[in-house]
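Protein chains in written order, with our numbering: chain L, 1 to 376; chain C, 377 to 855.
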């Protein structure tokens with residue numbers, strides 16, 4: 001739990017301004033998504049089922065509570081075109097998938113959101129450790145995933161060239177479910193071998209994206225070759241995709257990266273995100289803060305709430321535990337409240353992100369035993 | 377409340393993550409265990425060679441002497457464990473509180489571990505068939521008879537993923553230390569007590585702390601130990617055993633399906649062996665792989681079942697500190713309920729009779745834990761599913777089977793006690809490869825002679841016997 005008066009706390013004015021901006025953004029988003037000329041077939045069809053008129057009765061963020069919870073199951077199967085807003089028809093469109101180890105994956109259509117999200121994120125990265133113009137390594141999932149293109153765009157946006165590896169997370173999940181742990185180990189080695197080959201090929205790679213588990217494996221793989229992440233020249237690591245804990249982060253900083261950034265020169269920023277929401281940044285992770293990982297959604301495009309396990313309309317108190325609820329309001333995609341498969345503690349607003357955050361994110365206890373997490 | 381920190385090559389690591397250990401009956405938190413992650417194990421294992429190096433700096437006979445000293449300290453002295461000083465009474469109380477085992481059984485397990493370590497010289501002498509331990513330290517040596525032998529160590533450390541709630545298994549990894557092999561242990565979440573106290577005793581007795589790692593943590597920690605240690609032990613289910621079957625890097629220990637086989641030559645005197653049967657089923661509350669789960673005979677099975685039921689059916693639940701307590705609690709009541717459900721399925725089969733049915737309810741659910749009282753069932757044929765079952769409480773099926781069918785019907789058997797003097801049958805039993813430990817004569821399955829290998833010889837597991845030929849070199853003298 002966060003201390004009551006930490007130095008990083010946002011001021012009341014900052015909080016009020018952010019709230020005002022969120023209310024205005026909510027109003028505009030709902031007008032866009034529920035107007036016949038701009039909304040997508042899915043939401044225009046849903047509008048008829050609602051017991052209220054969103055165009056008239058949603059004037060603030062709190063008014064979104066009038067919507068029933070969004071069920072992401074409706075993202076399975078097609079036609080994908082039903083999600084394209086009429087106001088954006090005929091633009092080049094991507095489809096990104098989540099899940100899909102068995103059965104039909106969930107699909108989200110994207111036009112520019114991933115670029116906007118990652119350009120916004122780029123401005124949060126310290127240039128000292130993520131130098132402009134330096135090349136990147138994307139050590140994460142390949143295939144029909146948003147992350148793959150998003151990282152490449154981030155890198156290009158910062159003036160670099162992104163190197164990638166082949167990594168099929170659906171196969172990884174199958175290996176785990178089959179209990180083929182030796183194959184899993186070999187596949188992991190195969191991925192790390194690709195990464196080490198790129199990192200040692202003189203490409204001036206200084207930055208990378210990776211997941212916690214792959215970062216561990218990369219550090220171990222480099223150590224076997226007598227080198228380290230620090231020695232190989234990496235200065236900035238953007239990490240996400242699976243659960244972070246304070247203990248893991250501490251281990252990472254102290255033992256994989258060579259110490260705190262002031263000593264090692266290697267900066268690691270944990271992030272939290274998914275295909276629906278975009279990317280939540282973390283408050284700087286420090287020893288003094290007990291390596292707390294607190295995330296803040298990219299408001300007003302997305303909002304994170306920590307809500308009561310039983311009553312999803314009720315926000316828990318600061319420092320209290322609840323389930324993570326997401327909202328997305330971009331021109332391309334509208335999610336008026338989706339219950340994420342995670343839980344955590346509600347965090348106080350941070351001066352850089354003057355709205356509530358969430359810390360200690362971990363699989364929701366109701367699903368934890370049946371979910372395969374941390375697969376890559 | 378005691379805090380147990382992970383140990384990384386002898387150094388305590390203060391983790392930011394803890395798991396609480398609760399008293400099974402009161403729900404009181406009795407310990408906090410610091411957690412590590414798999415990545416930490418992976419990074420540490422790069423230095424595993426040092427564990428063997430520091431042990432090799434001490435002569436084997438000196439290591440044996442220090443092990444004996446550790447045995448004494450383990451059983452009798454107050455030791456630093458985690459952030460506390462732990463008395464013997466603390467240890468027994470803590471172990472009972474988290475595992476649900478009655479305290480006198482915890483004391484028995486403690487004495488068993490102590491016995492093995494106190495007699496480590498004799499045990500190693502038996503396991504090595506009398507070879508000088510220096511041969512294992514040096515890698516080669518003179519066996520006698522002018523024969524050079526070489527035993528090459530296959531790993532600098534022995535990894536072990538230890539069980540959650542069975543304090544009886546620790547004897548298996550103890551002999552690694554005098555063989556100059558370090559220990560990398562993942563303690564069970566409810567039974568961290570023995571590994572922590574034993575490692576403390578080793579260190580206090582002068583064994584270098586750098587030879588030991590204790591890694592409490594999640595599944596990724598166990599997986600990483602198995603992956604990074606060239607030799608490791610794991611304790612788990614039949615599925616776990618199957619998963620590692622044929623893997624030379626892993627010694628997997630699972631259910632024992634231990635049995636008493638009564639020959640036709642003595643079956644009419646079955647009453648003479650009733651005490652032996654009860655002890656085999658009931659000791660350690662039926663939790664061990666060496667507890668008897670099947671008694672096989674060609675006749676008198678109904679009478680044997682009735683007699684066992686009359687001896688065990690009325691055993692009641694007593695407080696864990698009562699010296700007469702015979703039953704351990706299921707600290708997870710859901711596990712007891714699940715087990716009971718499986719037993720119900722077994723009983724539904726025709727030809728299976730519950731001989732303890734008239735002794736009252738078997739499943740006793742309490743606020744935070746549950747108990748299963750002893751059960752005796754009879755099966756009229758080895759075909760009944762119950763004939764191949766083993767549960768974590770005193771449960772035995774008395775199976776009717778002709779002697780000539782017995783060996784091929786019993787299935788895998790960790791300990792087989794054969795009550796017979798029939799030479800031909802003894803010969804056939806001796807040749808049966810699915811019986812691991814064979815007792816010929818009236819020996820309870822639960823009584824082990826530690827001078828015999830258990831589920832494989834640790835020497836064969838940790839060392840490889842190989843050719844080693846030495847021809848004197850002629851070195852030219854410097855001019």
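Glycine included, each C-beta is placed from N, C-alpha and C at the ideal position.
**OP:** Counting only the same chain and skipping the five closest in sequence on each side, list residues whose C-beta sits under 6 Å from that of residue 71 of chain L.
**Re:** Mapped onto the first chain, residue 71 of chain L falls at position 71. Cβ-Cβ distances below 6 Å link residue 71 of chain L to nothing in the same chain once the five nearest sequence neighbours on each side are left out.
Subject >> Rounded straight-line distance, which links the Cα of residue 645 of chain C to that of residue 477 of chain C >> reply: Indexing the second chain from 1 puts residue 477 of chain C at position 101. Indexing the second chain from 1 puts residue 645 of chain C at position 269. Taking the straight line joining both Cα atoms gives about 34 Å.
Original post:
Would a check of beta-carbon distances place residue 393 of chain C closer than 9 Å to chain L?
Top reply: In the second chain, residue 393 of chain C corresponds to position 17, counting from 1. Any Cβ of chain L closer than 9 Å to the Cβ of residue 393 of chain C would place that residue at the interface, and such an atom is present.
Original post:
Should the stretch 622 to 639 of chain C be regarded as contacting the stretch 781 to 789 of chain C, the criterion being three or more beta carbon pairs within less than 8 Å?
Top reply: Result yes; three or more Cβ-Cβ pairs closer than 8 Å.
Original post:
List, in order along the chain, the chain L residues whose C-beta lies closer than 8 Å to that of residue 718 of chain C?
Top reply: What you label residue 718 of chain C is simply residue 342 of the second chain in a count that begins at 1. Those within 8 Å of residue 718 of chain C in chain L number zero; the least Cβ separation is about 20 Å.
Original post:
Does any CB atom of chain L fall closer than 9 Å to the CB of residue 847 of chain C?
Top reply: By 1-based counting over the second chain, the position of residue 847 of chain C is 471. Residue contact with chain L for residue 847 of chain C: absent (no Cβ-Cβ distance below 9 Å to any residue of chain L).
Original post:
What residue does the beta strand (DSSP E) around residue 629 of chain C start on, and which one ends it?
Top reply: For the purposes of this step, residue 629 of chain C is taken as the residue at position 253 of the second chain. 626 to 629 is the span of the beta strand (DSSP E), which, as asked, contains residue 629 of chain C.
**OP:** Give me the Cα-Cα distance between residue 841 of chain C and residue 527 of chain C, rounded to the nearest whole angstrom.
**Re:** The sequence position of residue 841 of chain C within the second chain is 465, counting from 1. The sequence position of residue 527 of chain C within the second chain is 151, counting from 1. The straight-line gap from Cα to Cα measures roughly 5 Å.
Original post:
What span of residues does the beta strand (DSSP E) with residue 549 of chain C cover, start to end?
Top reply: To locate residue 549 of chain C, count along the second chain from 1; it is residue 173. No beta strand (DSSP E) holds residue 549 of chain C; DSSP gives it neither H nor E.
Original post:
Does the beta carbon of residue 386 of chain C come closer than 9 Å to any beta carbon on chain L?
Top reply: As a working mapping, residue 386 of chain C is identified with position 10 in the second chain. Among the CB atoms of chain L, none fall inside 9 Å of the CB of residue 386 of chain C.
Original post:
How is residue 313 of chain L classed by DSSP in three states: helix, strand or coil?
Top reply: Counting from 1 along the first chain, the entry for residue 313 of chain L is found at position 313. The answer is coil: DSSP assigns residue 313 of chain L none of H, G, I, E or B.
Original post:
At what residue ranges does the stretch 628 to 716 of chain C contain a whole run of the beta strand (DSSP E), taking only runs of 3 or more?
Top reply: DSSP runs (the beta strand (DSSP E)) wholly in the stretch 628 to 716 of chain C: 634 to 638 and 668 to 673.
Subject >> Range of the contiguous alpha helix (DSSP H) that encloses residue 45 of chain L >> reply: Residue 45 of chain L sits at position 45 when you count from the first residue of the first chain. Looking at the DSSP string, the run of the alpha helix (DSSP H) that includes residue 45 of chain L is 41 to 47.
**OP:** Please go through the same chain and pick out, in chain order, the residues whose beta-carbon is closer than 7 Å to the beta-carbon of residue 490 of chain C, but skip the five residues on each side of it.
**Re:** What you label residue 490 of chain C is simply residue 114 of the second chain in a count that begins at 1. 447, 450 and 451, listed in sequence order.
**OP:** Label residue 483 of chain C either buried or exposed according to how many other C-beta atoms from any shown protein chain fall within 10 Å of its C-beta, with 16 as the threshold for buried.
**Re:** Start at 1 with the first residue of the second chain, and residue 483 of chain C comes out as number 107. Buried, by the Cβ-count rule.
Subject >> Minimum Cβ-Cβ distance from residue 342 of chain C to chain L less than 9 Å >> reply: No answer is possible for residue 342 of chain C: the residues shown for chain C start at 377 and end at 855.
Original post:
Do residue 775 of chain C and residue 797 of chain C have their C-beta atoms within less than 9 Å of each other?
Top reply: By one-based count along the second chain, residue 775 of chain C stands at place 399. By one-based count along the second chain, residue 797 of chain C stands at place 421. Contact: no.
Original post:
Grouping DSSP H, G and I as helix and E and B as strand, with all else coil, what is residue 847 of chain C?
Top reply: Stepping through the second chain from its first residue, residue 847 of chain C is reached at position 471. Three-state result, residue 847 of chain C: coil.
Subject >> 9 Å Cβ cutoff, residue 251 of chain L in contact with chain C >> reply: Translated into the one-based positions of the first chain, residue 251 of chain L becomes position 251. So yes, residue 251 of chain L belongs to the interface.
Original post:
Okay, do the stretch 616 to 627 of chain C and the stretch 766 to 784 of chain C touch, 3+ Cβ pairs below 8 Å being the bar?
Top reply: No, because fewer than three Cβ pairs between the stretch 616 to 627 of chain C and the stretch 766 to 784 of chain C fall closer than 8 Å, the two stretches do not touch.
Original post:
Using a Cβ cut-off of 8 Å, which residues of the stretch 605 to 638 of chain C contact any Cβ in chain L, in chain order?
Top reply: Per Cβ criterion, the list reads 619.
**OP:** For residue 52 of chain L, count neighbouring C-beta atoms within 10 Å of its own C-beta (all shown protein chains included) and say buried if the count is 16 or more, exposed if not.
**Re:** Taking the first chain and counting its residues from 1, one reaches residue 52 of chain L at position 52. Burial check for residue 52 of chain L: the Cβ neighbour count within 10 Å stays below 16, so the residue is exposed.
Original post:
Assuming residue 339 of chain C and residue 675 of chain C make a contact with CB atoms under 8 Å, what is their CB distance in whole Å?
Top reply: Any answer about residue 339 of chain C is impossible in this case: the structure gives chain C only from 377 up to 855.
Original post:
For the stretch 113 to 121 of chain L against the stretch 210 to 229 of chain L, are there 3 or more C-beta pairs whose distance is under 8 Å?
Top reply: Of all C-beta pairs linking the stretch 113 to 121 of chain L to the stretch 210 to 229 of chain L, fewer than three are shorter than 8 Å, placing the two stretches out of contact.
Subject >> Cutoff 9 Å: residue 241 of chain L Cβ touching any chain C Cβ >> reply: For the purposes of this step, residue 241 of chain L is identified with residue 241 of the first chain, where counting begins at 1. Under the Cβ criterion of 9 Å, residue 241 of chain L is not counted among the residues facing chain C.
Subject >> 3 or more residues per run - each beta strand (DSSP E) lying fully within the stretch 524 to 588 of chain C >> reply: DSSP runs (the beta strand (DSSP E)) wholly in the stretch 524 to 588 of chain C: 533 to 537 and 558 to 562.
**OP:** Using a Cβ cut-off of 9 Å (strictly closer), state whether residue 246 of chain L contacts chain C.
**Re:** The residue given as residue 246 of chain L occupies position 246 in the first chain. True, the Cβ-Cβ gap to chain C drops below 9 Å.
Original post:
Closer than 8 Å: is that where the CB of residue 24 of chain L sits relative to any heavy atom of the ligand ZN?
Top reply: With respect to small molecules bound, the structure shown includes none, and the ligand ZN cannot be examined in it.
Subject >> residue 359 of chain L in three-state terms, based on DSSP >> reply: The residue you call residue 359 of chain L lines up with position 359 of the first chain. Residue state, collapsed to three classes: strand.
Original post:
Any beta-carbon of chain C closer than 9 Å to the one on residue 256 of chain L?
Top reply: Indexing the first chain from 1 puts residue 256 of chain L at position 256. Interface criterion met: the Cβ of residue 256 of chain L is under 9 Å from a Cβ in chain C.
Subject >> Residues of its chain near residue 82 of chain L, where Cβ-Cβ distance is below 6 Å and the 5 sequence neighbours each way are ignored >> reply: For this step, residue 82 of chain L is matched to residue 82 along the first chain. Excluding sequence neighbours, residue 82 of chain L sits near 41 and 42.
**OP:** Below 8 Å between beta carbons is the criterion; list the residues of the stretch 262 to 292 of chain L that meet it against any residue of chain C, in chain order.
**Re:** Listed by position, the residues of the stretch 262 to 292 of chain L near chain C (Cβ gap below 8 Å) are 290 and 291.
**OP:** Let me know the secondary structure DSSP gives residue 273 of chain L once reduced to three states.
**Re:** Taking the first residue of the first chain as position 1, residue 273 of chain L is located at position 273. Note: residue 273 of chain L maps to strand in three-state DSSP.
Original post:
Taking Cβ-Cβ distances below 8 Å as the criterion, which residues of the stretch 315 to 331 of chain L are in contact with chain C?
Top reply: For the stretch 315 to 331 of chain L, which is checked against every Cβ of chain C, not one residue is closer than 8 Å.
Original post:
What's the call for residue 405 of chain C, buried or exposed, on a 16-neighbour Cβ count within 10 Å?
Top reply: Numbered from its first residue, the second chain carries residue 405 of chain C at position 29. With fewer than 16 other Cβ atoms inside 10 Å of its own Cβ, residue 405 of chain C counts as exposed.
Original post:
Going by DSSP, what residues sit across from residue 852 of chain C in a beta bridge?
Top reply: Reading the second chain from its first residue, position 476 is the one you call residue 852 of chain C. The partner list for residue 852 of chain C (beta bridge, DSSP) is empty, contrary to what the question assumes.
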